[in-house]
Structures are given as C-alpha cells and as structure tokens.
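Input: a single structure, listed below in structure tokens.
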Amino acid sequence: MEKLWKKAGLGAAGISMAAVMTACGGGGGGDSEDSGGSDDSGSSEESSSGGSFGEEVDYTITGIDAGAGIMSQSEQAIEDYGLSNWNLQSSSGAAMTSALGDAIENEEPIIVTGWTPHWKFAEYDLKYLEDPEGSFGDGDDIHTVVRQGLEEDMPGAYQFLDQFQWEAENMEEIMVEIQDGTEPAEAAATWVDENEDMVSEWTDGVEEVDGEAIELVYVAWDSEIASTNVVGEVLTDLGYDVTLTQLEAGPMFAAVADGEADGMVAGWFPNTHASQMEEYGDDYEDLGANLEGAITGLVVPEYMDIDSIEDLEAEE
Numbered sequence: 213m214e215k216l217w218k219k220a221g222l223g224a225a226g227i228s229m230a231a232v233m234t235a236c237g238g239g240g241g242g243d244s245e246d247s248g249g250s251d252d253s254g255s256s257e258e259s260s261s262g263g264s265f266g267e268e269v270d271y272t273i274t275g276i277d278a279g280a281g282i283m284s285q286s287e288q289a290i291e292d293y294g295l296s297n298w299n300l301q302s303s304s305g306a307a308m309t310s311a312l313g314d315a316i317e318n319e320e321p322i323i324v325t326g327w328t329p330h331w332k333f334a335e336y337d338l339k340y341l342e343d344p345e346g347s348f349g350d351g352d353d354i355h356t357v358v359r360q361g362l363e364e365d366m367p368g369a370y371q372f373l374d375q376f377q378w379e380a381e382n383m384e385e386i387m388v389e390i391q392d393g394t395e396p397a398e399a400a401a402t403w404v405d406e407n408e409d410m411v412s413e414w415t416d417g418v419e420e421v422d423g424e425a426i427e428l429v430y431v432a433w434d435s436e437i438a439s440t441n442v443v444g445e446v447l448t449d450l451g452y453d454v455t456l457t458q459l460e461a462g463p464m465f466a467a468v469a470d471g472e473a474d475g476m477v478a479g480w481f482p483n484t485h486a487s488q489m490e491e492y493g494d495d496y497e498d499l500g501a502n503l504e505g506a507i508t509g510l511v512v513p514e515y516m517d518i519d520s521i522e523d524l525e526a527e528e
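Residues in the sequence shown are numbered from 213 upward in steps of one, following my numbering.
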C-alpha cells in the first residue's frame with residue numbers, strides 16, 4: 213500500500229529561488245499551493261491526519277545547530293501547536309541538508325527547519341508548512357552589525373559595510389557554486405569579478421588601506437558562508453587583512469558586542485535572532501538590512517500530502 217503521506221504523480225523537480233519567494237511570500241505562515249494530487253491509499257480522512265505522518269518521521273523535526281534562532285522558533289512551534297511528543301533534533305546545516313537529500317532521493321517523508329535564501333530551494337521541490345499561529349513570525353531581513361567605534365577606527369570598512377546590499381538571487385548564485393564543490397573563497401572571488409557594477413556601488417567613495425586587520429564573524433549557514441566570503445573578498449581587494457571566524461549564533465553576537473570582532477553580515481532580524489538582539493542590542497551598531505525578505509519555517513518535500521503545521525499531531 214502506498215504511504216499515506218505521498219501525493220500521486222509528484223517528483224522532486226528543481227525550482228528557482230524566485231519561484232520560492234513568490235510562492236512563500238513571507239514566513240512559514242504563507243499559503244501553500246495545492247498540487248491537486250490525490251491519495252492513493254483511498255482514505256482521505258486518514259491521509260488528512262498528521263498522525264500517520266508523525267509515525268513515518270518518528271515524530272522528529274530535523275534541525276540545525278542548537279543555538280540557532282530557527283531552533284528556538286521551532287521549539288515555539290512545538291509548544292504553539294501542542295506537539296509535546298515531537299523531537300527537535302539538532303545537527304548542523306550540512307547534516308540537515310544531507311538528510312533532506314537522502315529522503316528526497318528515496319521519496320521518503322521528512323520535515324526540516326528551513327530558510328530562504330538557501331540553495332536547497334533551487335535544488336529540490338520544497339514547500340513551507342503554513343504557520344497560522346505565527347510561531348516563525350512574518351519573515352526577517354538580514355542585517356549588517358558592527359562593533360561600536362568601528363566608524364572611527366576603520367572608516368573605509370565601515371562605509372563599505374554600510375553600503376553593502378544585495379538580493380536573494382545574488383546570494384543563491386554563490387551558494388549553488390559552493391554546494392557544487394567550489395571552495396567558498398573561490399566562489400566569492402569569481403562572483404565579485406563577474407559583478408563589478410554591483411561591487412562598485414558598495415565601494416563607492418571607500419578609500420583603500422594597506423594591510424589593516426579586520427575580523428568578521430558568521431554562523432555556519434550556507435547563506436552566511438556565501439555573504440561573509442563575498443564581503444571578505446571585497447575587503448581584501450580594498451587592502452584589508454581579513455580574518456573570517458565561524459561561531460554559533462550567541463558567541464557571534466557576543467564577539468561583536470564585546471569588540472572582539474569587528475562586524476558581521478549575518479543578523480536575522482527581528483525574529484530569528486530576537487533573543488540575541490535583546491541581549492546584545494545595546495552594545496553593537498546595527499547598520500540596517502543588507503538583504504530583505506528572508507524566510508524561516510518548517511519545510512517538507514512537495515510530494516508530502518501535508519500543508520500546515522497544524523496538520524501535525526502529537527503522539528498518542
């Protein structure tokens with residue numbers, strides 16, 4: 213008998229980032245598009261229940277590192293929707309996408325924490341589960357955050373970071389290259405060389421320096437690996453001696469707030485990093501959004517016959 217979670221006739225075709233952004237609109241609470249598929253099990257009542265789906269995935273949501281804001285949002289969703297027996301499994305971004313890829317290859321059920329921009333939406337046919345309770349908020353913008361005093365100490369770097377702004381599709385180009393095996397620094401350097409017009413807007417009026425040291429911090433998300441390496445490449449071209457340091461979310465914010473690091477381009481506000489913003493917000497300078505319209509939520513393959521978090525059920 214075919215699994216209850218499968219929709220007939222659906223595969224895992226790739227979709228573009230633009231399609232994802234259009235379909236999702238904003239956080240995981242956006243309306244999902246109905247594929248029109250039918251349930252081969254012959255029991256529409258049973259297939260509409262999240263109980264069978266929960267059993268298939270062992271009541272587990274596959275997440276990323278425990279300190280990530282999206283994990284706190286997912287825990288909030290578990291509480292908001294009464295999923296008391298569900299397990300939010302922490303791992304890493306790479307482990308999560310590997311598990312997702314394995315599941316899709318075998319057309320098996322899986323539910324993961326997800327965010328856009330991310331290369332997985334270009335690689336796989338995925339959808340966000342609707343979030344009527346608003347556990348994941350209405351979406352985020354990705355902000356540039358610097359230590360207090362950077363403008364006085366490094367006016368050129370400050371000006372460049374303040375002028376750095378791009379779109380999701382720009383970031384996606386680099387993420388896909390990295391996913392295909394290109395080293396992050398190499399992918400970033402190639403992108404910078406091929407996008408001189410945009411880069412020149414970021415560096416307009418910025419004076420070059422001679423080996424001045426600067427340290428940027430970031431979390432090990434594919435999106436932030438891409439953006440931080442691009443920013444690091446441009447700063448290197450401007451004459452800075454750049455160090456890129458990977459940290460978890462809490463230590464990343466603490467490093468900038470304490471002045472141990474000079475800045476980051478990885479602040480997801482106002483939702484994903486809400487707790488870090490509350491704890492450290494008075495001790496750093498927020499230069500505003502460098503990318504608008506980021507999304508977080510719970511994600512499943514399109515072939516899954518489930519559309520909303522509220523369709524899930526607690527284990528009885």
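Beta carbons are placed, not taken as given, at the ideal position from N, Cα and C, and that holds for glycine.
- prompt: So, F465 versus Y492, is the Cβ gap smaller than 7 Å?
  reply: Numbered from 1 along the sequence shown, position 253 holds the residue referred to as residue 465. Numbered from 1 along the sequence shown, position 280 holds the residue referred to as residue 492. Between F465 and Y492, the C-beta gap is smaller than 7 Å, which places the two residues in contact.
Nearest candidate by alpha-carbon position, reference A278, set D270, G266 and N299: Position 66 of the sequence shown, counting from 1, holds the residue named residue 278. Nearest of D270, G266 and N299 to A278, Cα basis: N299.
field: Nearest to M410 (by Cα), restricted to the options D422, A501 and V442
entry: Along the sequence shown, one-based indexing puts residue 410 at 198. When the alpha-carbon of M410 is set against those of D422, A501 and V442, the nearest one is in V442.
message: Would you say E381 lies against chain C (beta-carbon separation less than 7 Å)?
response: Of the protein chains in the structure, only one exists, and it is not chain C.
task: Work out the CA separation of V446 and N502 for me, nearest whole Å.
output: Walking along the sequence shown from the start, residue 502 turns up at place 290. Walking along the sequence shown from the start, residue 446 turns up at place 234. Going from the Cα of N502 to the Cα of V446 covers about 15 Å.
field: Beta-carbon proximity check, L428 vs T440, cutoff 7 Å
entry: Translated into positions along the sequence shown, residue 428 becomes position 216. Translated into positions along the sequence shown, residue 440 becomes position 228. Their beta carbons are under 7 Å apart, which means L428 touches T440 by this criterion.
query: Among all the DSSP beta bridges, which residues are the ones paired with E342?
result: As a working mapping, residue 342 is identified with position 130 in the sequence shown. BP columns for E342 point to S520.
- prompt: Do you know offhand how far M489's Cα is from G479's?
  reply: Here residue 489 corresponds to residue number 277 of the sequence shown, with the count starting at 1. Here residue 479 corresponds to residue number 267 of the sequence shown, with the count starting at 1. Taking the straight line joining both Cα atoms gives about 9 Å.
message: Tell me whether the region 497 to 517 and the region 278 to 295 touch, counting them as touching only if at least three CB pairs, one residue from each stretch, are closer than 8 Å.
response: yes
message: If you reduce the DSSP assignment to three classes, tell me which class N297 lands in.
response: As a first step, residue 297 is located in the sequence shown; it is residue number 85 there, counting from the start. In the three-state scheme derived from DSSP, where H, G and I count as helix and E and B as strand, N297 is classed as coil.
message: Across the region 457 to 474 and the region 320 to 338, are there enough close Cβ pairs to call them in contact, namely three or more that are closer than 8 Å?
response: no
- prompt: Among D365, P396 and Y293, which residue has its Cα nearest to the Cα of G346?
  reply: Counted from its first residue, the sequence shown places residue 346 at position 134. Ranking the options by Cα distance to G346, first place goes to Y293.
- prompt: Is the distance from the Cβ of G368 to the Cβ of E419 below 7 Å?
  reply: Here residue 368 refers to the residue found at position 156 when the sequence shown is read from its first residue. Here residue 419 refers to the residue found at position 207 when the sequence shown is read from its first residue. Yes, the pair counts as a contact, with Cβ atoms nearer than the cut-off.
For E497, three-class secondary structure by DSSP: Position 285 of the sequence shown, counted from the first residue, corresponds to residue 497. Three-state DSSP puts E497 in a strand.
field: Whole-angstrom distance between S487 and G471, CA atom to CA atom
entry: What you label residue 471 is simply residue 259 of the sequence shown in a count that begins at 1. What you label residue 487 is simply residue 275 of the sequence shown in a count that begins at 1. Between G471 and S487, the C-alpha separation is close to 19 Å.
Three-way DSSP call (helix, strand, coil) for E245 in this model: Here the question's residue 245 lines up with position 33 in the sequence shown. Only weak support exists for where E245 lies, its pLDDT of 38 falling under 50; the value from the coordinates is given anyway. E245 falls in the coil class under three-state DSSP.
query: At what residue ranges does the region 373 to 425 contain a whole run of the beta strand (DSSP E), taking only runs of 3 or more?
result: Runs found: none.
query: Shortest alpha-carbon distance to H355 belongs to which of E389, D374 and E364?
result: Walking along the sequence shown from the start, residue 355 turns up at place 143. Nearest option by C-alpha distance: D374.
query: How long is the line joining the alpha carbons of A401 and P321, rounded to whole angstroms?
result: Stepping through the sequence shown from its first residue, residue 401 is reached at position 189. Stepping through the sequence shown from its first residue, residue 321 is reached at position 109. Whole-angstrom Cα-Cα distance: 38 Å.
field: Cα-Cα separation between V454 and W378, rounded to whole angstroms
entry: Walking along the sequence shown from the start, residue 454 turns up at place 242. Walking along the sequence shown from the start, residue 378 turns up at place 166. Distance between the alpha carbons of V454 and W378 is about 21 Å.
message: Using only the alpha-carbon positions, how far apart do P463 and A473 sit?
response: Translated into positions along the sequence shown, residue 463 becomes position 251. Translated into positions along the sequence shown, residue 473 becomes position 261. Separation of P463 and A473 (C-alpha to C-alpha, rounded to the nearest whole angstrom) is 10 Å.
query: Would DSSP call V429 helix, strand or coil?
result: Taking the first residue of the sequence shown as 1, we reach residue 429 at position 217. Three-state DSSP puts V429 in a strand.
Backbone secondary structure at V512 - three-state DSSP: Position 300 of the sequence shown, counted from the start, is the residue given in the question as residue 512. Reduced to three states, the DSSP call for V512 is strand.
- prompt: Applying the criterion that 16 or more other CB atoms from any shown protein chain within 10 Å of the CB defines a buried residue, is E364 buried or exposed?
  reply: Translated into positions along the sequence shown, residue 364 becomes position 152. It is exposed - the Cβ of E364 has fewer than 16 other Cβ atoms within 10 Å.
field: Member of L312, Y452 and I437 whose CA lies at the smallest distance from the CA of M366
entry: Numbered from 1 along the sequence shown, position 154 holds the residue referred to as residue 366. Nearest of L312, Y452 and I437 to M366, Cα basis: Y452.
field: Check whether S520 and L341 have beta carbons under 7 Å apart
entry: Residue numbering aside, residue 520 sits at position 308 when the sequence shown is read from its first letter. Residue numbering aside, residue 341 sits at position 129 when the sequence shown is read from its first letter. A contact, by the Cβ cut-off of 7 Å.
- prompt: Roughly how many whole angstroms lie between the Cα atoms of G281 and W433?
  reply: Here residue 281 refers to the residue found at position 69 of the sequence shown. Here residue 433 refers to the residue found at position 221 of the sequence shown. Cα to Cα, G281 sits roughly 12 Å from W433.
query: Is the Cβ-Cβ distance between P513 and I316 less than 7 Å?
result: Looking up residue 513 in the sequence shown gives position 301. Looking up residue 316 in the sequence shown gives position 104. Cβ atoms of P513 and I316: closer than 7 Å.
message: By the DSSP assignment, the alpha helix (DSSP H) with F348 in it spans what residues?
response: Along the sequence shown, one-based indexing puts residue 348 at 136. First-last for F348: undefined, no H or E at that position.
field: Which listed residue (G361, F348 and Y271) has its alpha carbon closest to that of L499
entry: One-based indexing of the sequence shown puts residue 499 at position 287. With distances taken between Cα atoms, L499 lies closest to G361.
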